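Written below as structure tokens is the structure these notes are about.
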Amino acid sequence: MAFKSNLKSELIASYINQVMIQESELQKQLREETANLPNGGMQVSPDQGAFLALLIKMTGSRRAIEVGTFTGYSAMTVATALPLDGKLICCDVSDEWTSIGKPYWKKANVDHKIDLRIAPALETLDQLIEQGQAGQFDFAFIDADKPPYPDYFERCYTLLKHGGVIVMDNILMHIKDDATEFDESHFMHQLNINLRDDDRVDAMIVGVGGGMLLAWKK
Numbered sequence: 028m029a030f031k032s033n034l035k036s037e038l039i040a041s042y043i044n045q046v047m048i049q050e051s052e053l054q055k056q057l058r059e060e061t062a063n064l065p066n067g068g069m070q071v072s073p074d075q076g077a078f079l080a081l082l083i084k085m086t087g088s089r090r091a092i093e094v095g096t097f098t099g100y101s102a103m104t105v106a107t108a109l110p111l112d113g114k115l116i117c118c119d120v121s122d123e124w125t126s127i128g129k130p131y132w133k134k135a136n137v138d139h140k141i142d143l144r145i146a147p148a149l150e151t152l153d154q155l156i157e158q159g160q161a162g163q164f165d166f167a168f169i170d171a172d173k174p175p176y177p178d179y180f181e182r183c184y185t186l187l188k189h190g191g192v193i194v195m196d197n198i199l200m201h202i203k204d205d206a207t208e209f210d211e212s213h214f215m216h217q218l219n220i221n222l223r224d225d226d227r228v229d230a231m232i233v234g235v236g237g238g239m240l241l242a243w244k245k
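In my numbering, the protein residues as written are 28 to 245.
See below:
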């Protein structure tokens, strides 16, 4: 018999945000400033940020990669969760958007952990590989333009150590809002299938935010 949840997503989200989320004042300020921007909906939600921070701590990650930084809310959250000697390499193409987060990073005393690379992410990731940094990272968060997701995944897979974790955001964007049906032709669906069947990783989707796929490198 198939399991069917009787909980409404709005109720769940409201409960989690009220009971479990403990944002710092700087996180809240950056999130609210970003929400007022034309593309403010692109930033991660508070529960997603808290989930990323928990993963960083649970995995003992020290070196991390972020593909798609936007205004820097997730970067600040991840950097805060990293140890004092941790390092986060952020890949983004917009100096305009990322400049919004920089003052917050500094106020949060995590700017020394963040290495922002303004360039196409694939170029930055390829440079890291060429520099001999394959297998040197513990964690990767991918939240950028969706068509290159498979390419982002492969680069991050190469850069991660065995036992490292890759998290991809908005992985359920092909699900219809008005039904349980989904578009089987959507490339995100195919990506989910491919990673499910990929013997190099163990993967699972969690219903946080727009859906986050976690892949553990064997």
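Using N, Cα and C, we set each Cβ at its ideal position, and we do this for glycine too.
No experiment lies behind these values; they were computed from the predicted model shown.
Quiz item: Assuming residue 82 and residue 235 make a contact with CB atoms under 8 Å, what is their CB distance in whole Å?
Solution: Between residue 235 and residue 82 the Cβ distance is about 11 Å, and since that is not below 8 Å, they are no contact.
Quiz prompt | Sequence-distant residues of its chain with Cβ nearer than 8 Å to residue 167 (five each side left out) | solution = 91, 92, 93, 94, 183, 186, 187, 191, 192, 193 and 194
Self-check item: Separation of residue 63 from residue 30, as counted between CA atoms
Solution: With a pLDDT of 47 at residue 30, under the threshold of 50, the predicted position of this residue should be treated as unreliable, and no value is reported.
Quiz prompt | residue 72 versus 59, 65 and 84, residue with shortest Cα-Cα distance | solution = 59
Exercise. Leaving aside the five residues before and after residue 57 along the sequence, list all residues of the same chain whose C-beta is less than 8 Å from its C-beta, in chain order.
Key: 98, 99, 100, 103, 127, 128 and 131
Practice problem: Using 10 angstroms around the beta-carbon of residue 45, count the other beta-carbons present and answer buried if the total reaches 16, otherwise exposed. | Solution: exposed
Practice problem: Can you check DSSP and say which residues form a bridge with residue 59? | Solution: Per DSSP, none; premise fails for residue 59.
Practice problem: Alpha carbon to alpha carbon, how far is residue 51 from residue 80? Give it in angstroms, no decimals. | Solution: 13 Å
Practice problem: From the DSSP output, in three-state form, read off residue 115 for me. | Solution: strand
Exercise. State yes or no: is the C-beta of residue 178 within less than 9 Å of the C-beta of residue 149?
Key: yes
Practice problem: Jot down the residue ranges of each uninterrupted alpha helix (DSSP H) in the region 99 to 166, minimum 4 residues, whole runs only, in chain order. | Solution: 100 to 108, 122 to 134 and 148 to 157
Practice problem: Tell me where the beta strand (DSSP E) around residue 232 begins and ends. | Solution: 228 to 233
Self-check item: Beta-carbon proximity list for residue 48, same chain, < 7 Å, skipping 5 on both sides
Solution: 73, 74 and 77
Self-check item: DSSP beta-bridge partners of residue 240
Solution: 195 and 232
Quiz prompt | Residue environment, residue 113, which counts as buried when at least 16 other CB atoms sit within 10 Å | solution = buried
Practice problem: Label residue 85 either buried or exposed according to how many other C-beta atoms from any shown protein chain fall within 10 Å of its C-beta, with 16 as the threshold for buried. | Solution: exposed
Quiz item: From residue 176 to residue 169, what distance separates their C-alpha atoms?
Solution: 8 Å
Practice problem: Quickly, what does DSSP pair residue 90 with across the bridge? List them, please. | Solution: 114
Exercise. Would you identify the three-state DSSP class for residue 64, choosing helix, strand or coil?
Key: coil
Quiz item: Rounded to the nearest angstrom, how far is the Cβ of residue 89 from that of residue 138, given a contact under 8 Å?
Solution: 17 Å between Cβ atoms; not a contact.
Quiz item: Tell me which same chain residues have a C-beta within less than 8 Å of the C-beta of residue 227, skipping the five on either side of it?
Solution: 184, 244 and 245
Self-check item: Identified DSSP bridge partners for residue 97
Solution: Residue 97 pairs with nothing; no bridge assigned.
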